[in-house]
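Chemist:
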Amino acid sequence: MIRYGRNIPSISDFLSKKGKHMETKGLVLINTGTGKGKTTAALGTAIRAWGDGQKVLILQFIKGAWKYGELKAIETLGKAEGRIEIRPMGDGFVFHNKKDPENEERLAEKKELARRAWDMVRKEVMSGAWDLVVLDEINYAIHFGMLETEEVARLIRERPVRLNMILTGRYAPKELIDLADTVTEMTLVKHAFQKGIRARKGIEF
95 MIRYGRNIPS ISDFLSKKGK HMETKGLVLI NTGTGKGKTT AALGTAIRAW
145 GDGQKVLILQ FIKGAWKYGE LKAIETLGKA EGRIEIRPMG DGFVFHNKKD
195 PENEERLAEK KELARRAWDM VRKEVMSGAW DLVVLDEINY AIHFGMLETE
245 EVARLIRERP VRLNMILTGR YAPKELIDLA DTVTEMTLVK HAFQKGIRAR
295 KGIEF
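In our numbering, each residue carries its 1-based index in the sequence shown increased by 94.
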């Protein structure tokens, strides 16, 4: 259940709070569900953490067709001030078309690329160089068979104790939900696209 009100702390408050417990134990947050805003919420928290002096790494697991405005903004911040970085994980983490006639061969190739990319992800998470790591759309990578739920769960359990993590994407597995400290489900109530209105630059991407 999601509660609202003046006395309810936000996710950003959890990440920026300087209490003893928050300094010794990082949090795991999941943004999932069918509604829009999962990545946007994670990027907003990333900017908040960056503004608080934290070092932030954002890893994109699914390549998008659009150049998102939020990503351009963060890239600009990173070039100007440092301490925040976005990295695409390459061709390994892409949607797998089950109708592809070369399905098995292509799937094997994608899994190998995903394996190489995952090795880099694990190295960065375990490096101790970051205060917040965002694994954007990682739930899709799990759902489409590019990653195993257990290896992601293992990384969460073994991460540096102070590291905060945000995982986004539909289809969050129950195993990861059980490990997380805060889980937010975005619910689609209605969307302008249903009225034939195309996505607006600066609003939707």
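By construction, the Cβ of each residue, glycine as well, lies at the ideal position given by its N, Cα and C atoms. Treat the numbers as computed from the prediction; the structure is a model and nothing was measured.
(1) Leaving aside the five residues before and after Gly131 along the sequence, list all residues of the same chain whose C-beta is less than 6 Å from its C-beta, in chain order.
(2) Going straight from the alpha carbon of Glu203 to that of Ile124, what length do you get?
(3) For His285, which option in Lys119, Val255 and Gly129 has the closest C-alpha, if you only look at C-alpha atoms?
(4) Can you tell me the Cα-Cα spacing of Gly222 and Ala136, whole angstroms?
(5) Using the three-state DSSP reduction, which class does Ile232 fall into: helix, strand or coil?
(6) The beta strand (DSSP E) with Glu242 in it runs from where to where?
(7) Buried or exposed for Arg253, going by 16 or more other Cβ atoms inside 10 Å?
(8) If you count every other CB in all the chains shown that lies within 10 Å of the CB of Trp160, and 16 or more means buried, which is it?
(9) For Val255, is the classification buried or exposed, using 16 other Cβ atoms within 10 angstroms of its Cβ as the cut-off for buried?
Modeler: Let me lay it out:
(1) Met280
(2) 29 Å
(3) Gly129
(4) Looking at the two C-alpha atoms, the distance is approximately 20 Å.
(5) DSSP, read as helix, strand or coil, puts Ile232 in helix.
(6) No beta strand (DSSP E) holds Glu242; DSSP gives it neither H nor E.
(7) buried
(8) In this prediction, Trp160 has a pLDDT of 47, which is less than 50 and means its spatial position is unreliable; what the coordinates show is noted afterwards. Trp160 is exposed by the Cβ-count criterion.
(9) It is exposed - the Cβ of Val255 has fewer than 16 other Cβ atoms within 10 Å.
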